[in-house]
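Enquirer:
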Amino acid sequence: MTPTARLMDGTRLARQILDHSAATARAVTQQTGEAPCLATVLVGDDPASATYVRMKRARCEKAGIASRHLSLPAATTTAELVEAITALSEDPGVHGILLQHPVGAHIDERAAFEAIAPHKDVDGVTMRSFAAMSFGLPGFVSCTPAGIMRLLDHYDVDLAGRHAVVVGRSAILGKPAGMLLLARDATVTYCHSRTRDLKSIVREADVLVAAVGRPRFIRGEDIKTGAVVIDAGYNPGNLGDVDFDAAATRAGLITPVPGGVGPMTIAMLLSQTAEAAALQSGLAPADRLPASSG
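Here numbering that gives the first Met the number 0 is used: position 89 in the sequence shown is 88, and no number is missing along the way.
#1: So, at 7 Å on beta carbons, what are the nonlocal neighbours of leucine 312 in its own chain, with the 5 sequence-adjacent residues on each side left out?
#2: Could you check how far apart the C-beta atoms of alanine 226 and glycine 259 are, in whole angstroms? I think they sit under 8 Å.
#3: Tell me which residue opens and which closes the alpha helix (DSSP H) that tyrosine 51 is part of.
#4: Quick one: what's histidine 68 bridged to in DSSP?
#5: Straight-line CA distance for valine 187 to threonine 31?
#6: How would you write the range of the alpha helix (DSSP H) that isoleucine 217 sits in, first residue to last?
#7: Do alanine 273 and serine 70 have their C-beta atoms closer together than 8 Å?
#8: So, is arginine 193 buried or exposed, given that buried needs 16 or more other C-beta atoms within 10 angstroms?
#9: Provide the residue span of the beta strand (DSSP E) that contains aspartate 230, from first to last.
#10: Return the chain-ordered list of same chain residues with a C-beta closer than 7 Å to the C-beta of alanine 110, the five sequence neighbours on each side being excluded.
#11: I'd like the span of the beta strand (DSSP E) that includes alanine 209, first residue to last.
#12: Under 8 Å by Cβ, that's how I've got proline 144 and alanine 185 pegged, so tell me the actual separation to the nearest angstrom.
#13: Spatial neighbours of serine 48 within its chain, please: CB distance less than 7 Å, with the 5 preceding and 5 following residues excluded, ordered by chain position.
#14: Could you check the C-alpha separation between arginine 307 and isoleucine 222 for me, to the nearest Å?
#15: Can you tell me where the alpha helix (DSSP H) holding alanine 26 begins and where it ends?
#16: On the DSSP bridge list, what partners appear for valine 140?
#17: Using a threshold of 8 Å, state whether the C-beta atoms of arginine 215 and aspartate 242 are closer than that.
#18: Would you call phenylalanine 129 buried or exposed, if buried means 16 or more other Cβ atoms sit within 10 Å of its Cβ?
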């Protein structure tokens, strides 16, 4: 069948967001003499994680955001990682902190995330950030869900009263995506790989967010005609969580993989880093500043 869905171009929208972030970064630099700074932390030498970190640092440079990288050995303990992140949280020269995940299985990842000061949690991974987002309070949002919402807004998707199905329940993607959709008056159903009769639920979705981390897990024939399909998965071979070719014959709007959600994630990370620097420098309204953990 001939594809009928309109593509949601994350690459183009991300470029606009990055341009705005660069302007914010220039303003901070001009008024304070110090560029916004994102600190990235990588534990071990996983090739994919190292590639992601290099990509993010390169994007920082283009946006006028300084980057500081901390590479730790794979044998790093939870206590050592928490100590390193705490030091970055207390460093006034660092405005945002990104812990590249996953970390080693021997590390308590949640403890490491919680060492990030809320006002520097530009990746939106701490419990305080999740709570603030859920209650509509000042704070930073998990980057991929934030990027998804910006895409939906850009393409004028009216969420009020729509049935949104989120397939995935991770703390930094599925769960916050559902909360953000709920805040916009969508009726949200959370599903996952163990949901019974998942196909029947997917078929009812006006808006589908696929974030389960399995290639082509969502079949095209299960997409509701005219649905908005957000594929937040990225698997080896440039495959998303949705069977794109088949889904595109039924959906109204759909994100490609790559070029959809991925560029938006990085754009939101830099946007929130620039905003964090402006807040910490007193150049933005104080009521946007996340509550301190101190």
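Note that CB positions come from ideal geometry on N, CA and C, so glycine has one too. Computed from a predicted structure; not experimentally measured.
Expert: Result, derived from the coordinates:
#1: Examination of residue 312 is not possible in this model, given that the chain is present from 0 through 293 alone.
#2: Going by Cβ atoms, the distance from alanine 226 to glycine 259 rounds to 15 Å, so no, they are not a contact pair.
#3: 46-61
#4: Thr39
#5: 43 Å
#6: Looking at the DSSP string, isoleucine 217 is not in any alpha helix (DSSP H), and its letter there is neither H nor E.
#7: no
#8: exposed
#9: 227-230
#10: Thr77, Val81
#11: 206-209
#12: The Cβ separation is near 13 Å, so there is no contact.
#13: Leu41, Gln99
#14: Given a span of 0 to 293 for the chain in the structure shown, any question on residue 307 remains unanswerable.
#15: 9-31
#16: Note: valine 140 sits in no beta bridge, so no partner.
#17: yes
#18: buried
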